[in-house]
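S.K.: Taken in sequence, the protein lines are chains A, B and C. Going by the numbering used here, the first residue of the first sequence is number 1, and it counts up by one from there. Going by the numbering used here, the first residue of the second sequence is number 254, and it counts up by one from there. Going by the numbering used here, the first residue of the third sequence is number 910, and it counts up by one from there.
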Amino acid sequence: MQHYSMNLKLKIWRQKNINDQGHFEEYDVNNISSEMSFLEMIDVLNERLISEGSDSIAFDHDCREGICGMCSMVINGQPHGPWKGTTTCQLHMRAFKDGDQITIEPFRANAFPVVKDLMVSRTAFDRIIQAGGYISVNTGNAVDGNTLPIDKDMADESFAAAACIGCGACVAACKNASAMLFVSAKVSHLALLPQGAPERKQRVVSMIAQMDKEGFGSCTNTYACEAECPKEISVLNIARLNREYLNANLSGQ
Amino acid sequence: MLDAKIPAGKLDEKWTKYKGTVKLVNPANKRKLEIIVVGTGLAGSSAAASLGEMGYKVKAFCFQDSPRRAHSIAAQGGINAAKNYQNDGDSVYRLFYDTIKGGDYRAREGNVHRLAEVSTSIIDQCVAQGVPFAREYGGLLSNRSFGGTQVQRTFYAAGQTGQQLLIGAYQALERQVALGTVEMHARHEMVELVIIDGKARGIIARNLVTGELERHFAHAVLLCTGGYGNVFYLSTNAMGSNVTAAWKAHKQGAFFANPCFTQIHPTCIPVSGDHQSKLTLMSESLRNDGRIWVPAKQGDNRPANEIPEEERDYYLERRYPAFGNLVPRDVASRAAKERCDAGFGVGSSKQAVYLDYAAAIQRYGKAEVSKKNLGNVSAEVITNLGKEVVKEKYGNLFAMYEKITGENPYEVPMRIYPAVHYTMGGLWVDYELKTTIDGLYALGEANFSEHGANRLGASALMQGLADGYFVIPYTLGNYLADDIRTTSIPTDHPAFVAAEQKASDRINKLMSIKGKQTVESFHKRLGKIIWDKCGMARNAEGLKQAIEEVRALKAEFWSDVRIPGEINAMNPELDKAGRVADFIELGELMCLDALERNESCGGHFREEYQTPDGEALRDDEGYMYVAAWEHQENSWNLHKEPLNYEVVKPSQRSYK
Amino acid sequence: MALTGIFLVVFLVVHCYVNANVFFPNAEENFNRAAHFMGSNLLIRITEIGLFAGFILHIFQGYQLEIKNRASRKSRYAVTAGNKTSKWYSRSMAILGTLILLFLIIHLAHFWVPSRFGGLDEVYYDGEKFHNLYLKMKNTFAAPWVVIVYVLGCISLSWHLLHGVQSAAQTLGWTNKKYFPMIRNIGIVFSILVPLIFALMPLALYFGLQLDLENITLLF
Chain A
1 MQHYSMNLKL
11 KIWRQKNIND
21 QGHFEEYDVN
31 NISSEMSFLE
41 MIDVLNERLI
51 SEGSDSIAFD
61 HDCREGICGM
71 CSMVINGQPH
81 GPWKGTTTCQ
91 LHMRAFKDGD
101 QITIEPFRAN
111 AFPVVKDLMV
121 SRTAFDRIIQ
131 AGGYISVNTG
141 NAVDGNTLPI
151 DKDMADESFA
161 AAACIGCGAC
171 VAACKNASAM
181 LFVSAKVSHL
191 ALLPQGAPER
201 KQRVVSMIAQ
211 MDKEGFGSCT
221 NTYACEAECP
231 KEISVLNIAR
241 LNREYLNANL
251 SGQ
Chain B
254 MLDAKIPAGK
264 LDEKWTKYKG
274 TVKLVNPANK
284 RKLEIIVVGT
294 GLAGSSAAAS
304 LGEMGYKVKA
314 FCFQDSPRRA
324 HSIAAQGGIN
334 AAKNYQNDGD
344 SVYRLFYDTI
354 KGGDYRAREG
364 NVHRLAEVST
374 SIIDQCVAQG
384 VPFAREYGGL
394 LSNRSFGGTQ
404 VQRTFYAAGQ
414 TGQQLLIGAY
424 QALERQVALG
434 TVEMHARHEM
444 VELVIIDGKA
454 RGIIARNLVT
464 GELERHFAHA
474 VLLCTGGYGN
484 VFYLSTNAMG
494 SNVTAAWKAH
504 KQGAFFANPC
514 FTQIHPTCIP
524 VSGDHQSKLT
534 LMSESLRNDG
544 RIWVPAKQGD
554 NRPANEIPEE
564 ERDYYLERRY
574 PAFGNLVPRD
584 VASRAAKERC
594 DAGFGVGSSK
604 QAVYLDYAAA
614 IQRYGKAEVS
624 KKNLGNVSAE
634 VITNLGKEVV
644 KEKYGNLFAM
654 YEKITGENPY
664 EVPMRIYPAV
674 HYTMGGLWVD
684 YELKTTIDGL
694 YALGEANFSE
704 HGANRLGASA
714 LMQGLADGYF
724 VIPYTLGNYL
734 ADDIRTTSIP
744 TDHPAFVAAE
754 QKASDRINKL
764 MSIKGKQTVE
774 SFHKRLGKII
784 WDKCGMARNA
794 EGLKQAIEEV
804 RALKAEFWSD
814 VRIPGEINAM
824 NPELDKAGRV
834 ADFIELGELM
844 CLDALERNES
854 CGGHFREEYQ
864 TPDGEALRDD
874 EGYMYVAAWE
884 HQENSWNLHK
894 EPLNYEVVKP
904 SQRSYK
Chain C
910 MALTGIFLVV
920 FLVVHCYVNA
930 NVFFPNAEEN
940 FNRAAHFMGS
950 NLLIRITEIG
960 LFAGFILHIF
970 QGYQLEIKNR
980 ASRKSRYAVT
990 AGNKTSKWYS
1000 RSMAILGTLI
1010 LLFLIIHLAH
1020 FWVPSRFGGL
1030 DEVYYDGEKF
1040 HNLYLKMKNT
1050 FAAPWVVIVY
1060 VLGCISLSWH
1070 LLHGVQSAAQ
1080 TLGWTNKKYF
1090 PMIRNIGIVF
1100 SILVPLIFAL
1110 MPLALYFGLQ
1120 LDLENITLLF
């Protein structure tokens, strides 16, 4: 792999707090190594800003290995940037070339208010989970794990849905700011397992109600969510969610 | 003398007897008792959820934007449990024994046996919560084997076991939030512990969004705040992982145990430059088929594929002919460091060694040819067949490597280097997980208790959930049963006022320095000192120097750090400054502990104490104790908790 | 959206079937008879009310959805991913729908209004009186601009359906791993075929083309 160094023009959203209007600011960054991760490139810029006496750019990040779901940002119009199936923290600078202009914005949705700069609040997701994204089993109530055999394919499919990291890229990517992929991943994870069966009707109805209450848009099946999901969660989960919802409603839940 | 309060009686009856006789709190009283849980990883989420279910009034805190983001989520491999589903002779005793031996005989028998006992309930609980563990075609749970054991007892969910377990615990927690038993405070950081009449009675938390300091009362405080691996700056820990909560407790009287016991994982993707902010683990299983080497010539800059066979040094195979590339973690890590320090490292940073699959590809390719009866085929066909086999076995790891480095590991050897990823040390706790401060508990990686000097793979998840689901719900009641008459203490109590003032003074002091150097630059320098002198190999000389250097760094930090932004607003640099300031103090204690322990054991390798062939040389006569450090104004007092092995007979760990 | 959409799709099939008469011999009589049947059968007249209701509901829901969805992101992106992550027509259902609505108004004014409220010539087959809708059509499609408007209307419909058919199936939960590709393909075929047949009608009338069943083999 040939490494190279690049100079970039960054256009970054700055917003002091939730009440601030916010605006774009432009920064030149030079001698960025193609080996750096995208967030390390911003680290470099932040170090410079601090040395110059200005405030650093706030952004969410934690594990930096693509699993915690904390990092966000919309990079040139794409949540988590141009690489498919990759979080911002795993995006590396070799995705860009010398002289590129990069526009960096926060995830935008009414349900995800900006906290500062590129940081948004995603507590709406927590409240959706609170509405029913669980199996009601108190500690100590469990029978032996092998009492209930589960079809391997079902378990695998459930796992594929459970792999959602709750980052909110689906909402950010959706032209409607809809949270359907997130909600459907959780509903699918639990509906595919026999343990989730007793609560499945109530779960889907309350989670959808909470989702609407939070101010997310409605799904119009453009599938931008799937295209941008760093864990490549399938939109077929949305079809399953719709089935679950219809079933629950038809049976009078 | 420290008393671990291990119940009397036979090892395998201690926990049962404890549970049967422990004091209880009746439901009406539970509703009046408030508990604070700091941290929402496996230990924190499971504890908060379980205590909420029991009826306590719980407040949970995490610095991330959601409890689901805690770093337990990044654990890959799996979780151990003595289920013996594979009928391969596993048992509670074997899991107990493997853990004690793996910890190089520096853990308590009583605690570890309890861990092994409750391990089976963890799996049941998680399955009931809907954790999608890997399954066999028959629908039953699947297991795999892991290092340091001879049985298959590891349960897993692809390479995302930590994520699935944490989501299970997170969902249980959110359920309690919905039911009103748990109050969740995300984007909050504990900055001070409040002690009233010798008992932990609450915390001062900083709202990271507004910068406000908040007072929270509780009858008991649980620290589930993870490990302190980020003292090294570069580690596999999350960027926000920190020691602050534990350190505040330590400075208020909680003893810190075995801080020098840190685990270095041999196969991580190496540092690519000064900009590097964190390290990523590559599964250790890669050493099964890969060969590790460096150029035989110092400073050889040729690309790996251009270095002929006779000019390569397969140093593990050379030094350890019996185990070759499969030597234990600590040995592999130290050997890689030795080669790189001697100037044989590869890559642009020269801090890496090759993990080469070329031989494995050829071997598998040839096997395929004979398996498929292909007869005489070209070298290219063999190579392609071999690549396919490797892809099937390790495809996802190779893909991850390529994403990070941009190199194709099927064509060029991978570059790897050891990295910090777990800390066995932590707050000293007794059998009940209580620290030396009454009413203050430490769970999971934040405590020191179960892994001795070295942790076995797939045991961290087990311990976190054991503590949260199955230990603290019993042991906490034993304390709170005597506290039912204490009503909620109003937060205008002088102790709260003083604690908040202390926290506020510190923040003001940090902001008023207005120096020239960034927080990040201090953290990097601290990391380098600790990594170089208290990392994979330590010696008395280096440790003494490190202590001096860390002290100097501390002075420099407090006189020249530059923090932008405001106090009463979101300010990530200020958050980081507080954490780095605590890491600097901890760094000194780590070196002090490493200096005091004149032996080598587990992850602690003192160069002066090794066998003639370079193995760790334990000193059971002199050091079979837990080193518990008590903080004092400008120094530390050492308390020793002797380890008594009643069942297991300590012996030399040998891999030859 | 999905239910009314599927309902309208069914209407399109019927409409398309009746229209197809114009391509075959004896087009005028067959078409007028079919139109008469559609206009006089009580059951179909009742269904027509349902159809109007369906249209109105679909249009109303569509705009309501668009308004809600637009409102769910008050602060807009400076840069968007555009066609990298989704199809333009999937994102433009409201615009395509509006175009179809405009077309529909013109279309109703051309044919539905005169056939319901008078203004059509009369013609006799076997002594029975029929409206000569066919003649009206022939006259209408004599103007090139009308033909162009109709063809554009059909193109809008095609894009609308290309998203709509599979989207309705997804919303109703009919898609799964096995049927998703099939449903998607059916949607593609339907959304090309049906508008194509519609569009061919004004073109056929304008250019005076007709299928010759005697020599149909020549076509293949």
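The beta-carbon is built from N, C-alpha and C at its ideal position, and this holds for glycine as well. The model shown is predicted, which means the values in this text are computed figures rather than measured ones.
1. Counting along the chain, where does the beta strand (DSSP E) carrying A:Leu25 start and finish?
2. May I ask you to list, following chain order, the residues of the region 235 to 253 of chain A that have a beta carbon less than 9 Å from some beta carbon of chain C?
3. Hey, how far is the Cα of A:Gly189 from the Cα of A:Cys164?
4. Quick check for students: name the residue ranges of the alpha helix (DSSP H) that lie wholly in the region 915 to 952 of chain C, counting only runs of 4 or more.
5. Check the DSSP bridge columns for B:Leu534 and list the partner residues they point to.
6. If contact means a Cβ-Cβ distance below 9 Å, which residues of the region 1051 to 1083 of chain C contact chain A?
7. Under 8 Å between the Cβ atoms of A:His3 and A:Glu35?
8. I'd like the list of long-range same chain contacts for A:Ile257, defined as Cβ closer than 7 Å, with 5 residues on each side in sequence excluded.
9. Decide if C:Phe1129 is buried, meaning its Cβ has at least 16 other Cβ atoms within 10 Å, or exposed.
10. Quick one: what's got a C-beta closer than 7 Å to B:Lys797's C-beta in the same chain, skipping five residues either side?
11. Is it true that the CB of A:Thr86 sits closer than 8 Å to the CB of A:Pro198?
12. Quick one: measure Cβ to Cβ for A:Glu228 and A:Ala173, integer angstroms, because I've assumed they're closer than 8 Å.
13. What residues in the region 174 to 188 of chain A have a beta carbon less than 7 Å from any beta carbon of chain C?
14. Find the nearest neighbour of B:His857 within the set B:Gly294, B:Ser586, B:His469, judged by alpha-carbon distance.
15. Which of the three DSSP states, helix, strand or coil, is assigned to B:Asn333?
16. Flag this pair as yes or no: are the beta carbons of B:Ile820 and B:Gly331 separated by less than 8 Å?
17. Shortest alpha-carbon distance to B:Asp546 belongs to which of B:Lys310, B:Glu591, B:Pro865?
18. For a cutoff of 8 Å on Cβ pairs, would you count A:Arg203 as touching chain C?
19. Check whether chain A comes within 8 Å of B:Asp341, counting only Cβ atoms and requiring the distance to be less than that.
20. Give me the DSSP bridge partner(s) of B:Asn543.
21. Which chain A residues are close to B:Leu393, counting only those with a beta carbon under 8 Å from its beta carbon?
22. Taking the alpha carbon of B:Pro805 as the reference point, which residue from B:Ala830, B:Val430, B:Met823, B:Glu838 has its own alpha carbon closest?
23. Taking only the alpha-carbon atoms, compute the straight-line gap between B:Leu394 and B:Tyr309 and give it to the nearest angstrom.
24. To the nearest angstrom, how far is it from the Cα of B:Ala431 to the Cα of A:Val205?
25. Given 8 Å as the limit, is there contact between the region 395 to 409 of chain B and the region 271 to 290 of chain B, that is, 3 or more CB pairs closer than that?
26. Expressed to the nearest angstrom, what Euclidean distance is found between the alpha-carbon atoms of A:Tyr245 and B:Ile376?
27. Could you compute how far the alpha carbon of A:Tyr223 sits from the alpha carbon of A:Val235?
28. Enumerate in chain order the residues of its own chain whose CB-to-CB distance from B:Ala327 is below 8 Å, with the five nearest sequence positions on each side excluded.
29. Quick one: Cα of B:Val365 to Cα of C:Gly991, how far?
30. DSSP three-state label for B:Glu559, please.
31. How many angstroms separate the CA atom of B:Ala710 from the CA atom of B:Asp357?
32. What does a CB cutoff of less than 6 Å around B:Tyr663 pick up in its chain, not counting 5 residues either side in sequence?
33. In this structure, what does DSSP give as the bridge partners for B:Cys854?
34. For A:Gly240 and A:Lys201, I'd like the C-alpha separation in whole angstroms.
35. Count the other C-beta atoms from every protein chain shown that fall within 10 angstroms of the C-beta of B:Thr293, then say buried if there are 16 or more, exposed otherwise.
36. Buried or exposed for C:Thr1126, please, with buried defined as at least 16 other CB atoms from any protein chain shown within 10 angstroms of its CB.
M.R.: Quick answer:
1. What sits at residue 25 of chain A in the sequence shown is Glu, not Leu. Under the DSSP assignment, A:Glu25 falls in the beta strand (DSSP E) whose first and last residues are 23 to 33.
2. Val235, Leu236, Ile238, Ala239, Arg240, Leu241, Asn242, Arg243, Glu244, Tyr245, Leu246, Asn247
3. Sequence check: residue 189 of chain A is His here, not Gly. Each residue's alpha carbon lies about 10 Å from the other.
4. Runs of the alpha helix (DSSP H) inside the region 915 to 952 of chain C: 936 to 949.
5. B:Cys521
6. His1072, Gln1075, Ser1076, Ala1077, Ala1078, Gln1079, Thr1080, Leu1081, Gly1082, Trp1083
7. Yes, these two residues count as a Cβ contact at 8 Å.
8. It is not possible to answer for residue 257 of chain A, since the shown part of chain A is limited to 1 through 253.
9. For C:Phe1129, the predicted model reports a pLDDT of 36, less than 50, meaning its position is unreliable and no value from the coordinates is stated.
10. Leu848
11. In this structure, A:Thr86 does not lie closer than 8 Å to A:Pro198 by Cβ.
12. 4 Å
13. Those residues of the region 174 to 188 of chain A placed with their C-beta closer than 7 Å to a C-beta in chain C are Lys175, Asn176, Ala177, ordered along the chain.
14. B:Ser586
15. strand
16. no
17. It is Trp, not Asp, that sits at residue 546 of chain B in the sequence shown. Selected option, being the one with the closest Cα: B:Glu591.
18. no
19. no
20. The sequence given here has Gly at residue 543 of chain B, not Asn. DSSP lists no partner for B:Gly543.
21. Chain A residues near B:Leu393: Asn146, Pro149.
22. Note that residue 805 of chain B is Ala in the sequence shown here, rather than Pro. Nearest of B:Ala830, B:Val430, B:Met823, B:Glu838 to B:Ala805, Cα basis: B:Glu838.
23. 34 Å
24. 16 Å
25. no
26. A:Tyr245 and B:Ile376 have their C-alpha atoms spaced approximately 31 Å apart.
27. 7 Å
28. Gly415, Gln416, Thr489, Ala491
29. 57 Å
30. Judged by DSSP in its simplified three-state form, B:Glu559 adopts helix.
31. The residue you asked about is not Ala; residue 710 of chain B is Gly in the sequence shown. Roughly 14 Å separates the two Cα atoms.
32. Lys640
33. B:His857
34. What sits at residue 240 of chain A in the sequence shown is Arg, not Gly. Here the alpha carbon of A:Arg240 sits roughly 12 Å from the alpha carbon of A:Lys201.
35. buried
36. Confidence in C:Thr1126 is poor, its pLDDT being 45 and thus under 50, which makes the residue's placement unreliable; the coordinate value appears in the next sentence. Counting Cβ neighbours within 10 Å, C:Thr1126 comes out exposed, since fewer than 16 surround it.
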